[in-house]
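Residue numbers (this note's numbering): 392 to 754. Idealized CB from N, CA, C, for every residue including glycine.
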């Protein structure tokens, strides 16, 4: 499409869960619901249109061994884009990916800075590894570097205990979260187990990643405080393999991981039923491939979340939560068009017909 070209999207434009339009126009890279006067160079796309999908837990610039070069990070971002993911909340990366902001053909990224973990209590080469006395200072540093988010590692295996255990004392996370909020940043935390959750939520955390340890006694607390979860079920599917690998050295941890995996769907469904906000995230970029957002939506449905709510968790609801527009009048034209109605079958998300980013057809 030329700079003066107009894109016309016809069919079913799903501007919201209860807001379906017949068509939209893209003029100058932005959405309009009014036909532009005198439009001549018009390209028409038909189908079911959704806002660009959101992966709210993704890692661009990171692989299983640590930071990657720019060429690899570009391939990761392109894989997500071609799967329809046009907005990423990068939940921790040691790589500087600011150059992506200058690329109109790559997804938009909301960064949480680099992970902040306890010394020797996380994956090597991923995080700032510090002790509790330094937590406030590092949270302030990453709050200033990021895009309104900070990422803590809330629990990890304690080798002396042989099982998952909290990484931070209560007073340290209280002070750190307060400092992030003072600087205008929200805080999220990696948490697999049960034991770190109450302190983090009562300390004012905004979101919990994975949340496999969310038990019946903790669900009311999450709901009362409005703490969101990003379950990353495509990642939780790897727990049995991880447990098998650690069986001989850490049998207690392995058994714990299997229990968390076995109840994963009940955990997510219980959270949703209680009114806890649930959003789509894949955890791509560590050991998982990019481009898995459709699989994660399908996993939420498998867990018992209604299809429309699962769609919202990667479109309208997720964008509102992250403070980014969807298909509103005048918004940047970031959208995905499908051949069939994703409300009827979310598996449709796996096969985008057209991907439009900043008003240009890129896939």
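For residue 495, the three-state secondary structure derived from DSSP is coil. Residue 448 sits in a strand when the DSSP states are folded into three classes. Rounded to the nearest angstrom, the gap between the Cα atoms of residue 708 and residue 670 is 8 Å.
Where residue 403 is concerned, there is no enclosing alpha helix (DSSP H), although the beta strand (DSSP E) around it starts and stops at 397-407. According to DSSP, residue pairing for residue 582 in a beta bridge involves 601.
When DSSP reads this structure, residue 729 sits in a beta bridge with 439.
In summary, residue 608 is exposed, with fewer than 16 beta-carbon neighbours lying within 10 Å of its beta-carbon over all protein chains present.
If only complete runs of 4 or more residues are kept, the stretch 663-751 shows the alpha helix (DSSP H) at 684-693, 698-703 and 707-713, in order along the chain. Contact between the stretch 725-739 and the stretch 432-441 is present: three or more C-beta pairs spanning the two stretches fall below 8 Å.
Residue 611 has no beta-bridge partner at all, per DSSP. With respect to residue 662, residue 605 sits close: the two C-beta atoms are nearer than 8 Å. For residue 568, no beta strand (DSSP E) run applies; the uninterrupted alpha helix (DSSP H) run containing it begins and ends at 561-573, by DSSP. Spatial neighbours of residue 705 in its own chain (CB-CB distance under 7 Å, excluding positions within 5 residues in sequence) are listed in chain order as 444, 445, 671, 684 and 688.
Judged by beta-carbon spacing, residue 570 lies beyond the 8 Å limit of residue 625, meaning their Cβ atoms are not closer than that value. Buried is the label assigned to residue 484, since at least 16 other Cβ atoms lie within 10 Å of its Cβ. Excluding its 5 nearest sequence neighbours in each direction, residue 710 has C-beta neighbours in its own chain below 8 Å: 442, 445, 478, 716 and 717, listed in chain order. For the pair residue 695 and residue 686, the Cα-to-Cα distance works out to about 15 Å. Less than 8 Å divides the Cβ of residue 480 from the Cβ of residue 503.
Non-local beta-carbon contacts of residue 603 in its own chain, meaning distances under 7 Å to residues more than five positions away in sequence, involve 583, 627, 651, 655 and 658 in chain order.
With a cutoff of 8 Å on beta-carbon distance, residue 405 and residue 417 are scored as not near each other.
Taking a cut-off of 8 Å on C-beta distances, the stretch 495-515 does not touch the stretch 585-604, as fewer than three cross pairs fall below it. In this structure residue 748 is in contact with residue 472, their Cβ atoms being roughly 7 Å apart against a cut-off of 8 Å. Burial check for residue 526: the Cβ neighbour count within 10 Å reaches 16 or more, so the residue is buried. Three or more Cβ pairs drawn from the stretch 512-520 and the stretch 540-555 lie within less than 8 Å of each other, which places the two stretches in contact. Proximity to residue 555 across 649, 466 and 564 peaks at 649, based on C-alpha coordinates. Looking at the DSSP output, residue 423 shares a beta bridge with 416. The C-beta distance from residue 553 to residue 643 rounds to 5 Å, short enough to meet the 8 Å contact threshold.
Here the alpha carbon of residue 697 sits roughly 38 Å from the alpha carbon of residue 566. Where residue 627 is concerned, the enclosing alpha helix (DSSP H) starts and stops at 624-627. Inter-residue distance for residue 614 and residue 576 is about 21 Å (C-alpha atoms, whole angstroms).
Annotated as proximal: residue 750 and residue 724, with beta-carbon spacing under 8 Å. At a cut-off of 4 residues, the continuous stretches assigned as alpha helix (DSSP H) that sit fully inside the stretch 500-560 are 526-536.
Taking residue 722 as reference, the option from 539, 423, 681 and 631 with the minimal CA-CA separation is 423. Per the coordinates, the alpha-carbon of residue 620 lies some 12 Å from the alpha-carbon of residue 578. When secondary structure is reduced to three states using DSSP, residue 485 falls in the coil class, being assigned neither helix nor strand.
When the alpha-carbon of residue 674 is set against those of 400, 622 and 593, the nearest one is in 622.
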